[in-house]
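What follows is a set of notes on a single structure, which appears directly below.
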């Protein structure tokens, strides 16, 4: 128990290393039995801790308690608000950090959205947030494109081209089916650093699409390939999300089953 | 509904499950967890003006954690009960019945229940890093923000927590297997 790289191997497992450090650790693990064993046990512990039975979600009772408490609280605020002009707090928040980045990104890629796209944007955003919150990120867990793609064929309306991009640090972790835009969309799930990226794809004809949308620090990038519409969603930096979009566009035209 | 409330509900309440999960693992009792979460949400709402954007999740979880430790300190003052980490019997492994069970499915269910008890038996600083990393997918930086510990400490705690969990878990699985007829 003395390999000096154990903490870096752990950081690699947790997606905390950049691409070049990750490559170094991958080479090291191939040569170090101790670190190989460590990686396996990290996976075992991770798998064990992800059992749904261990996750304690808030009960509906707690939710209504909190709504009631906030109502009492807001009641007080209203009586104050009637007397005092409250400053525009939102813009104070917007001027800093992530919000500023998001704001800059949406200005840089300002597009005139087609009228029907509001619902679509919300659909995808809702599905992304639910996948992160409800312990339902992955239906089929695999980094192997030959496992994930056939799984889609049996479960979703479409079977998009699928690939893992470990070198570029976009690691395929699995797939899922989600309802978006009235379709059973196939969802590829990638890890990039500490972030989760969901890539939705479904069959949709005709309508104009939004291009890039940013809401609350989350980016959505839409594109079309063959008969399919794609949307990649994440809270990564926009250029990092576009990096994955570029790779996915390169792997070719999908075959639609519709 | 005012603007403040609307922004709070959009940015903070999506993390309600995460807040409850952390509180439940720290407090180890359902009622205690609900009280902590309600208190934490109210504190978060009152100090929401001071929240400067970014990800609300580590910010909220830091408040949950503070509420938990405040509650523990108050309870200890009133009732002189030991803090969870002073509960020495936990160091001898989980207090579970390892009697033989012929049903494989029952053993599987037992193992899941045991895992619950093994995690619950870890010291609180180990429990919280495990919950934040393995269940909530927080980055090291966010865990550092939520727990107030430096990143180096987060990394070494996480490594020790995982090693301890694995060790106790293996010992438990072995115990169940050896108990089989």
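Protein chains in written order, with this note's numbering: chain R, 13 to 270; chain W, 1128 to 1308.
Don't be surprised by glycine CBs; every beta carbon is placed ideally from N, CA and C.
The structure displayed is predicted, hence computed values, not measured ones.
Residue i (DSSP reduced to helix, strand or coil)
i, result
"residue 68 of chain R", "coil"
"residue 49 of chain R", "helix"
"residue 186 of chain R", "strand"
"residue 150 of chain R", "coil"
"residue 244 of chain R", "strand"
"residue 174 of chain R", "coil"
"residue 1283 of chain W", "helix"
"residue 212 of chain R", "strand"
"residue 110 of chain R", "Confidence at residue 110 of chain R is low in this model, with a pLDDT of 47, below 50, so its placement is unreliable and no value can be given for it."
"residue 1179 of chain W", "coil"
"residue 62 of chain R", "coil"
"residue 263 of chain R", "coil"
Where the alpha helix (DSSP H) through residue i begins and ends
i, result
"residue 204 of chain R", "Note, residue 204 of chain R: premise wrong, no alpha helix (DSSP H); beta strand (DSSP E) at 195-204."
"residue 1253 of chain W", "1251-1257"
"residue 1274 of chain W", "1267-1274"
"residue 20 of chain R", "18-25"
"residue 1164 of chain W", "1157-1173"
"residue 1134 of chain W", "1130-1138"
"residue 37 of chain R", "31-43"
"residue 1144 of chain W", "1143-1154"
"residue 162 of chain R", "157-167"
Nearest-angstrom Cβ-Cβ length linking residue i and residue j, presumed shorter than 8 Å
i, j, result
"residue 246 of chain R", "residue 209 of chain R", "4 Å"
"residue 1188 of chain W", "residue 1145 of chain W", "6 Å"
"residue 1256 of chain W", "residue 1285 of chain W", "5 Å"
"residue 183 of chain R", "residue 155 of chain R", "6 Å"
"residue 241 of chain R", "residue 221 of chain R", "6 Å"
"residue 192 of chain R", "residue 212 of chain R", "5 Å"
"residue 1160 of chain W", "residue 1190 of chain W", "Not a contact, Cβ separation roughly 14 Å."
"residue 187 of chain R", "residue 175 of chain R", "So it is not a contact: roughly 12 Å between Cβ atoms."
"residue 1184 of chain W", "residue 53 of chain R", "So it is not a contact: roughly 27 Å between Cβ atoms."
"residue 74 of chain R", "residue 180 of chain R", "In fact, because the Cβ distance is near 42 Å, the residues do not count as touching under 8 Å."
Span separating the alpha-carbon of residue i from that of residue j
i, j, result
"residue 254 of chain R", "residue 227 of chain R", "16 Å"
"residue 37 of chain R", "residue 21 of chain R", "6 Å"
"residue 173 of chain R", "residue 161 of chain R", "7 Å"
"residue 200 of chain R", "residue 1149 of chain W", "28 Å"
"residue 206 of chain R", "residue 1264 of chain W", "7 Å"
"residue 47 of chain R", "residue 83 of chain R", "53 Å"
"residue 29 of chain R", "residue 19 of chain R", "11 Å"
"residue 167 of chain R", "residue 24 of chain R", "32 Å"
"residue 1180 of chain W", "residue 229 of chain R", "9 Å"
"residue 1135 of chain W", "residue 1169 of chain W", "11 Å"
"residue 143 of chain R", "residue 1141 of chain W", "12 Å"
"residue 81 of chain R", "residue 1277 of chain W", "34 Å"
"residue 171 of chain R", "residue 1196 of chain W", "49 Å"
"residue 243 of chain R", "residue 233 of chain R", "5 Å"
"residue 1296 of chain W", "residue 1143 of chain W", "29 Å"
"residue 78 of chain R", "residue 1194 of chain W", "15 Å"
"residue 1151 of chain W", "residue 1247 of chain W", "10 Å"
"residue 202 of chain R", "residue 257 of chain R", "12 Å"
"residue 1164 of chain W", "residue 1131 of chain W", "20 Å"
"residue 131 of chain R", "residue 1281 of chain W", "41 Å"
"residue 14 of chain R", "residue 40 of chain R", "14 Å"
"residue 1153 of chain W", "residue 1162 of chain W", "12 Å"
"residue 1173 of chain W", "residue 86 of chain R", "10 Å"
"residue 141 of chain R", "residue 1155 of chain W", "27 Å"
"residue 1158 of chain W", "residue 1133 of chain W", "28 Å"
"residue 17 of chain R", "residue 1267 of chain W", "17 Å"
"residue 45 of chain R", "residue 64 of chain R", "32 Å"
"residue 57 of chain R", "residue 1289 of chain W", "7 Å"
"residue 1262 of chain W", "residue 55 of chain R", "13 Å"
Unbroken beta strand (DSSP E) run spanning residue i, endpoints
i, result
"residue 236 of chain R", "230-237"
"residue 227 of chain R", "224-227"
Query raised in the report: Taking any Cβ of chain W, which residues in the segment 58-74 of chain R have a Cβ under 9 Å from it, in chain order?
Result: 58, 60, 61, 62, 63, 65, 66, 67, 68, 69, 70, 71, 73 and 74
Query raised in the report: If you measure beta-carbon to beta-carbon, which residues of the segment 78-89 of chain R are closer than 7 Å to chain W?
Result: 78, 81, 82, 85, 86 and 89
Query raised in the report: If contact means a Cβ-Cβ distance below 8 Å, which residues of the segment 185-210 of chain R contact chain W?
Result: 205, 206 and 208
Requested in this report: Closer than 9 Å, Cβ to Cβ, to anything on chain W: give me those residues from the segment 18-35 of chain R, in chain order.
Outcome: 18, 19, 22, 23, 26, 27 and 28
Query raised in the report: Using a Cβ cut-off of 8 Å, which residues of the segment 41-53 of chain R contact any Cβ in chain W, in chain order?
Result: 53
Query - Residues, ordered as in the chain, of the segment 1159-1171 of chain W that lie near chain R by beta-carbon distance below 8 Å - result: 1160, 1161, 1164, 1165, 1168 and 1169
Query raised in the report: Taking Cβ-Cβ distances below 9 Å as the criterion, which residues of the segment 1177-1190 of chain W are in contact with chain R?
Result: 1178, 1179, 1180, 1181 and 1182
Report task. Note down, in chain order, all residues in the segment 1276-1287 of chain W with a beta-carbon under 8 Å from any beta-carbon belonging to chain R. Result -> 1282, 1283, 1285 and 1286
Query raised in the report: What residues in the segment 232-263 of chain R bring their beta carbon closer than 8 Å to a beta carbon of chain W?
Result: 247
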